[in-house]
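Enquirer:
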């Protein structure tokens, strides 16, 4: 009994599995009336509670739950139980390109401790390969835990820490590095790594999961597989986000970190490129990567990366709206903030009532960058008088940068220099593809109607 | 000479027009080598400076500039010069439905004072009909100036003023009301009117222009025409935004005000519905309106509108990000703010470091509403521990409301009551279509790749 309780199953289902000598990891065929399912037996899902639901992982990575009753027939096709640990070490092939997987927390690597059934935010290589054996086909994997946090708790200081770890890895002969990251703030971290590590020899790949790994609909294995393909095969050396490209399992998209944004609270294809195309499409089923966008930085083993990972934490991102009070700006200046990214309206406007506070801030050496809450398009402060007034007092136009990217960039620039002219110059210089000078009409998505 | 300088043309072009007895308003045919253009002669465009460029307005509303040289031939086809004022009064037909056009400022009604060539943010009916004669075909128009501001300077107090004026109009037998509004904050005002006027008998239509009326590519006439069609023909009585639906001139879309957002800094089709479909499509060329979405409130002359236009101005909209400091929340509470809408991450999260400040705010009677910077999708704070913690301390989930709409709604609710339980109850109740319980997959736009 104890064994099966280890795997979470209980009652008659636990007894049945024991009788059939089935353990998670075994390949099984389950028949129930007209339904036939073949795949890897998985531990019980916590979300099913005490219901007698058997969980089987299909070849495409999805898990299905099958309610077991008298009509259900379960056969063992192949004994590969995790407990025997025989799959793992053998499947790591030393001749494959070395990829480092850095875990920071988040949904993707959580809740896959099959033995205890408990939540565990990180894992070792054996556990990873038990769960996603396809990864061993493309790379020799090393797993390292850098952080163990929810991504909503990310900070500029932690960006610096991740950057240092990534720098260490890509300076020492790895084919690529993957960062498992919570999706909430993944694009901020991707932008931070784009700026903090210059002259990248290999890709820095962030990936995550929109559905927790203990849910049948999890996208963890799919995204991780796609991320490994990018780490190994990509001809570019940029900080990118690799996530589902649509709701199905056909492809993942590779978004330039500085141009990507989480645009949906729950969809698998939540991440999208704004004011830019994705760099590439990945078809995990075929281990294939196809370039579709512009490549800024190319992969090259001979490149020596440069680490510039100091981020100023006295920077704020502030959105304006009707009724926005200038006292918020005054407060930030009083508190010693050195930079403020404004998420203004339209072409880059803020209420005229706030202009005086901006002016005082700029006079006191605070850098103010204007972006647009429209997200799509480009700030143009020459068109209307409010914009011209803001330019005159010294507000820095953020071009077509996302407000979030401008925030990360300003924090990074102020980590390098406090010379206001230099801050303005670097802010307006394209460093890692964050400023896209050429917008084609098709960059704007097609909306349903 | 003076006459032509009045219309802005100068030098040899002024002399030529004088010789041909041509005035703006006349219908002309212009031939230049293989180019033939027919339309209404317009005054000089300021943006062409002193270049000898003749401006002709085509039947589709577009203006073209033609550089006049020796090879250019200009013929008068019909004398309809504006100066003669003979078009106007005659074209207002008293038997047509009465529509009030309220101007608040913004690009749409600006820069169409042909006689002085100066910027003039508002206009009278005669001027309007000279410029957009098609409007007189569908309605009897009254123009009223409510405000003369840039829309980035809009405030909750001004929403109240517009609402009062709109209420007065729709209480007195008008078929509909149109509000000409700058696009920067149009969706905030549209949401404010959705809440401030309940039991609407007729539609409240906001429209504007993404290109200034003095530019050849202006969308003013097109949008205004579409807005009039909605005011006259729509079977619904909601606060809506009517703007270009695509880059061409085929159709305009009618967006529910509480679900619309300006998603591009400069495109004509900048306004889009988020988490909802547009209510209708308008084909101005055919004077046609087609319902495509769900209608919440129906038009009915027998409905008595209710005015509830008090908005609390001690409400803030605050976006969180990595490194967001709780001192911003503390400051707002210290300053006596009664409501804070948080634009959090993902499913509705904020850094755990801010939870204490939220708790203190709530303990002091401040209402905190959680929305998502993803924009698309729905807040769900039951999935992860951070969300559950926020729910426990009393943060109000904003469901699928846009952060901007939640901000307007909270300001409106706090204008009605300060009872925290009542605030929560109204916040979570669907008032004007701002909460959409059913999301279909196609609400997410299709992104280019």
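Residue numbers (my numbering), protein chains in the order written: chain C, 23 to 471; chain G, 23 to 471. Cβ coordinates follow ideal geometry from the N, Cα and C atoms, glycine included.
Taking a Cβ distance cut-off of 7 Å, strictly less, list which residues of the segment 330-363 of chain C are near chain G, in chain order.
Expert: Correct list: 335, 339, 341, 343, 344, 345, 349, 353 and 357.
Enquirer: Going by C-alpha to C-alpha distance, which of 382(C), 346(C), 369(C) and 347(C) sits closest to residue 359(C)?
Expert: It is 382(C) whose Cα lies nearest to the Cα of residue 359(C).
Enquirer: Report the neighbours of residue 245(G) on chain C: residues whose CB is nearer than 8 Å to its CB, in chain order.
Expert: Chain C residues near residue 245(G): none, gap ~16 Å exceeds 8 Å.
Enquirer: With 16 as the cutoff for other CB atoms within 10 Å, does residue 297(G) come out buried or exposed?
Expert: Per the 10 Å Cβ criterion, buried.
Enquirer: Can you say whether residue 195(C) is buried or exposed, counting buried as having 16 or more other CB atoms within 10 angstroms of its CB?
Expert: Its Cβ having fewer than 16 others within 10 Å, residue 195(C) is exposed.
Enquirer: So the candidates are 364(G), 445(G), 386(G) and 369(G); which of them puts its Cα closest to the Cα of residue 376(G)?
Expert: Cα-wise, what sits closest to residue 376(G) is 364(G).
Enquirer: Assuming residue 94(C) is part of the beta strand (DSSP E), what are its boundary residues?
Expert: Taken as a continuous stretch (DSSP letters only), the beta strand (DSSP E) holding residue 94(C) covers 94-100.
Enquirer: Opposite residue 5(G) in the DSSP bridges: which residues?
Expert: With chain G covering 23 to 471 only, the question about residue 5(G) has no answer from this structure.
Enquirer: Decide if residue 216(C) is buried, meaning its Cβ has at least 16 other Cβ atoms within 10 Å, or exposed.
Expert: When all chains shown are included, residue 216(C) counts as buried.
Enquirer: What residues of chain C sit near residue 467(G), judged by a beta carbon separation below 8 Å?
Expert: The answer, in chain order, is 467, 468, 469 and 470.
Enquirer: Between residue 188(C) and residue 227(C), is the Cβ-Cβ spacing less than 8 Å?
Expert: Cβ atoms of residue 188(C) and residue 227(C): not closer than 8 Å.
Enquirer: Whose Cβ in chain G lies nearer than 8 Å to the Cβ of residue 420(C)?
Expert: Simply none; closest approach about 11 Å.
Enquirer: Determine the contact status of residue 394(C) and residue 370(C), defining contact as a CB-CB distance below 8 Å.
Expert: Yes, the Cβ-Cβ distance between residue 394(C) and residue 370(C) is below 8 Å.
Enquirer: Evaluate the contact criterion for the segment 308-323 of chain C versus the segment 166-176 of chain C: three or more CB pairs, one atom per stretch, below 8 Å.
Expert: The answer is no - the segment 166-176 of chain C does not touch the segment 308-323 of chain C, with fewer than three Cβ pairs under 8 Å.
Enquirer: I'd like to know whether the C-beta of residue 271(G) is nearer than 8 Å to at least one C-beta of chain C.
Expert: For residue 271(G), the answer is no, since every Cβ of chain C falls outside 8 Å of its Cβ.
Enquirer: Any idea what DSSP makes of residue 155(G), helix, strand or coil?
Expert: DSSP places residue 155(G) in helix when its eight states are reduced to three.
Enquirer: So who's on the other strand from residue 366(G), going by DSSP bridges?
Expert: In DSSP, residue 366(G) forms a bridge with 394(G).
Enquirer: Which residues in the same chain as residue 325(G) place their Cβ atom closer than 8 Å to its Cβ, once the five residues preceding and following it in sequence are excluded?
Expert: Cβ within range, chain order: 221, 222, 223 and 259.
Enquirer: Residues in the same chain with beta-carbon distance under 8 Å from residue 50(G), minus the five sequence neighbours each way, listed in chain order, please.
Expert: Closer than 8 Å at the Cβ level, and outside the excluded window around residue 50(G), lie 44, 60, 61, 62, 63, 78, 96, 97, 98 and 99.
Enquirer: Given this structure, state the Cα-to-Cα distance separating residue 208(G) from residue 290(C), to the nearest angstrom.
Expert: Using only the alpha carbons, I get a separation of about 31 Å.
Enquirer: In terms of alpha-carbon separation, which member of 218(C), 307(C) and 429(C) lies closest to residue 454(C)?
Expert: Closest by alpha carbon: 218(C).
Enquirer: With distances taken from CA atoms, which of 284(G), 244(G), 254(G) and 302(G) is nearest residue 424(G)?
Expert: It is 284(G).
Enquirer: Helix or strand or just coil, what does DSSP make of residue 166(G)?
Expert: Strand.
Enquirer: Is DSSP giving residue 344(C) helix, strand or coil here?
Expert: Note: residue 344(C) maps to coil in three-state DSSP.
Enquirer: Just to make sure I have the definition right: I need the residues of chain C whose C-beta is within less than 8 Å of the C-beta of residue 172(G). Which are they?
Expert: Going along chain C in sequence order, the residues near residue 172(G) (Cβ under 8 Å) are 371, 374, 406, 407 and 408.
Enquirer: Tell me which residues share the same chain as residue 434(C) and place their Cβ nearer than 6 Å to its Cβ, disregarding the 5 neighbours each side in the sequence.
Expert: Once the five neighbours on either side are set aside, the close Cβ partners of residue 434(C) are 217 and 333.
Enquirer: Taking 7 Å as the limit between beta carbons, can you name the residues of its chain near residue 31(G), skipping five residues before and five after?
Expert: Excluding residues within five positions, the ones whose Cβ falls inside 7 Å are 39 and 66.
Enquirer: Have a look at residue 413(C) and residue 76(G) and give me their C-alpha separation to the nearest angstrom.
Expert: When rounded, the distance between both Cα atoms is 32 Å.
Enquirer: Identify which residue in 263(C), 437(C), 155(C) and 148(C) has its Cα closest to the Cα of residue 166(C).
Expert: Comparing Cα positions, the closest option is 148(C).
Enquirer: By DSSP, does residue 219(G) sit in helix, in strand, or in coil?
Expert: Of the three classes helix, strand and coil, the one that applies to residue 219(G) here is strand, per DSSP.
Enquirer: Apart from the five residues just before and just after residue 249(G), which ones in its own chain have a Cβ nearer than 7 Å to its Cβ?
Expert: Taken in chain order, the residues that qualify are 200, 227, 229 and 264.
Enquirer: Do the CB positions of residue 432(C) and residue 470(G) come within less than 8 Å of each other?
Expert: For residue 432(C) and residue 470(G), no; Cβs fall outside 8 Å.
Enquirer: Near residue 378(C), which residues of its chain fall below 8 Å by C-beta distance, leaving aside the five closest residues on each side in sequence?
Expert: Around residue 378(C): 348.
Enquirer: Looking at chain C, is there any beta carbon in it that lies within less than 8 Å of the beta carbon of residue 241(G)?
Expert: No, its Cβ sits nowhere closer than 8 Å to a Cβ of chain C.
Enquirer: Among the candidates 118(C), 403(C), 35(C) and 47(C), whose CA atom is the shortest distance from the CA of residue 90(C)?
Expert: Nearest option by C-alpha distance: 35(C).
Enquirer: Kindly list, in the order they appear in chain C, the residues whose Cβ is closer than 7 Å to that of residue 213(G).
Expert: Here the premise fails: no neighbours, minimum Cβ distance about 10 Å.
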